[in-house]
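Worksheet: the structure to be examined is printed underneath.
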Amino acid sequence: MPTITVNVDDTLKEQMEKHPEINWSEVTRQAIRSKIEKLELMDELTADSELSEADVNEIAAKINESARKRIEEESE
Numbered sequence: 003m004p005t006i007t008v009n010v011d012d013t014l015k016e017q018m019e020k021h022p023e024i025n026w027s028e029v030t031r032q033a034i035r036s037k038i039e040k041l042e043l044m045d046e047l048t049a050d051s052e053l054s055e056a057d058v059n060e061i062a063a064k065i066n067e068s069a070r071k072r073i074e075e076e077s078e
């Protein structure tokens, strides 16, 4: 299985260390999987679309924000 490395700032690392019961690798895998699923759906929906690159970037930003909020809620 391939390995990836994720850089986080010191504050985030300290917060993560306060929750040793959380499998942060699994949280990361789930976040990546969710993002990929959303990107694939967006690709399907926009394959024959007339959306501009700015439109696509706006949609992607909304997806990113939604995923970030969900991860924060799940980790509480």
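Quick note on numbering: the sequence shown equals residues 3 to 78 in my numbering.
Ideal placement from N, C-alpha and C gives every residue a C-beta, glycine not left out.
Just so it is clear, the structure is predicted and the values come from calculations on it, not from any experiment.
Measuring straight from C-alpha to C-alpha, what distance separates Glu-19 and Lys-71? Going by the C-alpha atoms only, they are around 20 Å apart.
Glu-23, DSSP secondary structure in three states: In the structure shown, Glu-23 sits in coil (DSSP, three-state: anything other than H, G, I, E or B).
I believe Ala-69 touches Ser-36 by the beta-carbon criterion, under 8 Å. Please report the beta-carbon distance rounded to the nearest angstrom. That pair is a contact at about 6 Å.
Is the beta carbon of Leu-41 closer than 9 Å to that of Ser-62? According to the sequence as given, residue 62 is Ala; it is not Ser. Yes, these two residues count as a Cβ contact at 9 Å.
Quick check: Ser-77 and Ile-24, are their CB atoms within less than 9 Å of each other? Yes.
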